[in-house]
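**Student:** What follows is a structure written as C-alpha cells; I'll ask about it next.
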Amino acid sequence: MPLSIRPVNTLFFVFASLIAINVSRSAEVDEAQQAQDTTIVETVLRLEGFDLNSSPKAKAAVLRHLQTQRGTPRYLELVERFELRETADELLKLAIEKPADTVGVGAARLLLKFKQTKALKKAIDGKDQTAAVAIVTALGHVGGKEAQTLILPLVTAAERGLPIRSAAAIAVGRNLNGQRELLALVVAKKLPEDLNFSVANILHASLDEKIRAQAIKLLKLPQTAGSKPLPPVSALVKLRGNAARGKALFAGKATCAKCHTVRGAGKEVGPDLSEIGSKLSREALYVSILDPSAAISHNYETYLLATADGNVLSGILLSQTKESVTIKTAEAIVRRIPADQIEAMKKQKVSLMPVGLVKALTPDDLVDVVEYLRTLKKPAAQK
Ligand code: HEC
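Okay, so the sequence shown: first residue is 11 according to the numbering used here, each after it adds one.
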C-alpha cells in the first residue's frame, strides 16, 4: 500500500496544534480567543467520530463558542452533534421563548432526543402558564410518539385550565395520529365540552376524509347568521375581507365597540384594540373572537360576586381593598361593593367576552372584522 495521508489525520494534526497555541493575555484576548474557538469548532466538526470528552480543551472551546451562538441553528447543530446534555436548561428556555419557530422547535426536539422528559414535565406542570403552553406548543410542532405521550393526557386533565388544555388539543391535532386520538375522545364522549371549538376546528380541517366526515357529524362549528356553519379557522385565515366594512361592523352589528376602544372610540370593558394588528396574527384574532376563553388576557379575568342582598354580579376586577371591591360589568358599568356586603367572590374560567357574538354575523362579516383588526397597527409598523 502506498504511503498516503488520510485527510482526517491532517485535520487532527491541525487541531492538535491549534489547541496547543497559548493565547496571550492582551486586549484582543477575547477576539483572538473567539476566532480560535471558531477554528477549533470547525475542525472538530470535520473529525468523524471525534469524542469531545477526550479533549477538555476542545470541549471548553466548543462551550465558549456556543455562548456566542445562542438562539441560532448553529447552536442546535453543535449541541446535537456533540450531545451536549449540559445545555438542557438553555434548550428549555429556547423552546419557551420561540415555541413556533424553527429554533424553539429544534430545541424541543433535542430535549426529547436527550430524554429530558423530567425537565419537560416540570415545565408543563409548573406554575408558569405561559411557559407550560409554550412547551406544549413546541412539542406539538415536533410531533412523534414521545411528544404525544407527554401532551395527550393534558387534553382531558380536568384540573388544568382551558388555555393549556386547548394548546394541548391543538398540539396533538397537528398530525393524523393525534387527530385519531382526539376523535376517539369525542366518540367516547370524553372530550371536555369547552374544547369543542378547538377540536372541531382541527378535525373539520383534517386531511383524512374519514376523520373529517365523522367530525362533521359529531362536532359543530359555531353557527353564524342564517345558520350557516362557519368554516374552520384554518380556512378562514386564507380569506381576505373588506376592512372599511369591518370597521362599520365593529361599531355596529358586531357590538365589539360596546366593550373595546379603538383610538378613543368605544367602551373600555375589554382591552384597547388600537394596536391589536401588531399583537395578534390572523389566526389568533379568529380564536380570540370565536373562543374567547381559550386565552384570557392578563388582568381581564372575570369575577363573580355574590352580595348579601342576593345579587350576583360579574365583571372585571378593577381594584380590591379592605373596604371594598370594584368591578366593571360587561355593560361597562363600574360597581363598588363594600366588603361587608360580599358573601362570595370567585374568579371565573370564562371570559367576559361572550361566545355567541358570531351568531349575529355571516362568515363574510367576520372576515371583514378581522381584516379591519389587522389594519390596527403600532404607528411605527404603519405604512
Ligand atoms: C361584553 C364585552 C365584549 C364584547 C361585546 C366583545 N369583547 Fe372582545 N374582549 C372582551 C374582554 C373582557 C376581553 C379580555 C378577556 C379575554 O381575553 O377573553 C376581550 C378580548 C378580546 C381580544 C383579545 C385582546 C388581546 O389583547 O389579546 C380581541 C381580539 C377581541 N376581544 C375582539 C373582539 C371583537 C372583534 C369583538 C366583536 C366581534 C369583541 N371583542 C366583542 C370583552 C368583549
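Even glycine gets a Cβ: it sits at the ideal position worked out from N, Cα and C.
Less than 8 Å between CB atoms is the rule here; does S288 satisfy it with respect to chain C?
**Tutor:** Of the protein chains in this structure there is only one, and it is not chain C.
**Student:** Looking only at its chain, what residues have a beta carbon closer than 8 Å to the beta carbon of A253, apart from the 5 residues adjacent to it on each side?
**Tutor:** Excluding residues within five positions, the ones whose Cβ falls inside 8 Å are D378, E381, Y382, R384, T385.
**Student:** Please go through the same chain and pick out, in chain order, the residues whose beta-carbon is closer than 7 Å to the beta-carbon of E156, but skip the five residues on each side of it.
**Tutor:** Cβ within range, chain order: L122.
**Student:** Quick check: what's the CA-CA separation for I106 versus V182?
**Tutor:** Those two C-alpha atoms are separated by around 18 Å.
**Student:** Hey, N187 and Q233 are a contact pair by Cβ (cut 8 Å); roughly how many whole angstroms apart?
**Tutor:** Incorrect: roughly 30 Å between the Cβ atoms, too far for contact.
**Student:** Going along the chain, which residues of its own chain have a beta-carbon closer than 6 Å to the beta-carbon of G325, five neighbours each way excluded?
**Tutor:** Once the five neighbours on either side are set aside, the close Cβ partners of G325 are I337, K338, T339.
**Student:** Pick out the complete alpha helix (DSSP H) segments inside the segment 62-127, 4 residues or longer, and give them in chain order.
**Tutor:** Whole alpha helix (DSSP H) segments, 4+ residues: 66-77, 83-91, 98-107, 112-123.
**Student:** Hey, could you find the ends of the beta strand (DSSP E) P348 is sitting in?
**Tutor:** Start and end: 344-348.
**Student:** Which same chain residues, not among the five before or five after V51, have their C-beta less than 8 Å away from its C-beta?
**Tutor:** Only A71, V72, H75, L88 meet the Cβ criterion.
**Student:** Closest to N185 by CA distance: which of V113, R255, V209, T317 is it?
**Tutor:** When only C-alpha atoms are compared, the closest one is V209.
**Student:** Quick check on DSSP: helix, strand or coil for V360?
**Tutor:** Coil.
**Student:** State the Cα-Cα distance for the pair Q351 and V279, rounded to the nearest angstrom.
**Tutor:** Cα-Cα distance, rounded: 24 Å.
**Student:** Could you check if S244 belongs to the surroundings of the ligand HEC, using beta carbon to heavy atom distance under 7 Å?
**Tutor:** Answer for S244: no, Cβ out of range of the ligand HEC.
**Student:** Smallest Cα separation from V165: which of K128, L205, L130, T140?
**Tutor:** Of K128, L205, L130, T140, the residue nearest in Cα terms is L205.
**Student:** Figure out for me which residue from G150, V322, I343 has the closest Cα to the Cα of M355.
**Tutor:** For the residues G150, V322, I343, the minimum Cα distance to M355 belongs to V322.
**Student:** Can we count S298 as close to the ligand HEC, meaning its CB is less than 7 Å from some heavy atom?
**Tutor:** The answer is yes for S298.
**Student:** With 16 other CB atoms within 10 Å as the buried threshold, where does A198 fall?
**Tutor:** Counting Cβ neighbours within 10 Å, A198 comes out exposed, since fewer than 16 surround it.
**Student:** Hey, L101 and K131: beta-carbon distance below 8 Å or not?
**Tutor:** Result no, Cβ atoms of L101 and K131 do not sit closer than 8 Å.
**Student:** Shortest alpha-carbon distance to P348 belongs to which of N211, V335, D375?
**Tutor:** Among N211, V335, D375, the Cα nearest to that of P348 is on V335.
**Student:** Quick one: give me the first and last residue of the beta strand (DSSP E) that T147 is part of.
**Tutor:** Premise fails: T147 lies in the alpha helix (DSSP H), 139-152, not in any beta strand (DSSP E).
**Student:** Using the three-state DSSP reduction, which class does A178 fall into: helix, strand or coil?
**Tutor:** Reduced to three states, the DSSP call for A178 is helix.
**Student:** Within the same chain, show all residues whose beta-carbon is closer than 7 Å to that of L172, passing over the 5 residues directly before and after it, in chain order.
**Tutor:** Contacts found: D204, S303, A304, K359.
**Student:** Going by other Cβ atoms of all chains shown within 10 Å of its Cβ, with 16 needed for buried, is T53 buried or exposed?
**Tutor:** The residue is buried, with at least 16 neighbouring Cβ atoms inside 10 Å.
**Student:** Using DSSP with H/G/I as helix, E/B as strand and the rest coil, what is G53?
**Tutor:** It is worth fixing the name first, because residue 53 is Thr in this sequence and not Gly. T53: helix per DSSP, three-state reduction.
**Student:** For a test of your reading of the model: does the CB of A340 fall under 7 Å from any non-hydrogen atom of the ligand HEC? Yes or no.
**Tutor:** Indeed, a heavy atom of the ligand HEC lies less than 7 Å from the Cβ.
**Student:** Measuring straight from C-alpha to C-alpha, what distance separates M11 and E58?
**Tutor:** The pLDDT assigned to M11 is 44, lower than 50, so where the model puts this residue is not dependable; a value taken from the coordinates is nonetheless given after this. In a straight line, the C-alpha of M11 is about 23 Å away from that of E58.
**Student:** According to DSSP, is T317 helix, strand or coil?
**Tutor:** It is a strand residue.
**Student:** Considering only DSSP beta bridges, list what T336 is partnered with.
**Tutor:** For T336, which the question treats as bridged, DSSP gives the partners S329, R346.
**Student:** Could you say which of Y296, G276, K357 lies nearest to L315 if we only look at CA atoms?
**Tutor:** It is K357 whose Cα lies nearest to the Cα of L315.
**Student:** For the ligand HEC, any of its heavy atoms closer than 7 Å to the Cβ of A194?
**Tutor:** No, since every heavy atom of the ligand HEC falls outside the 7 Å radius drawn around the Cβ of A194.
**Student:** For L172, name the three-state secondary structure that DSSP assigns.
**Tutor:** Looking at L172 - three-state DSSP - the assignment turns out to be helix.
**Student:** What did DSSP end up calling V322 once you bin it into helix, strand or coil?
**Tutor:** Reduced to three states, the DSSP call for V322 is strand.
**Student:** Excluding five sequence neighbours on each side, which residues of the same chain lie with their C-beta closer than 8 Å to the C-beta of D135?
**Tutor:** A142.
**Student:** Going by the beta-carbon positions, is the gap between G116 and L86 smaller than 8 Å?
**Tutor:** Contact: yes.
**Student:** Using only the heavy atoms of the ligand HEC, determine whether one of them is closer than 7 Å to the beta carbon of Y310.
**Tutor:** Under cutoff, so the answer is yes.
**Student:** Expressed to the nearest angstrom, what Euclidean distance is found between the alpha-carbon atoms of D319 and L192?
**Tutor:** Using only the alpha carbons, I get a separation of about 45 Å.
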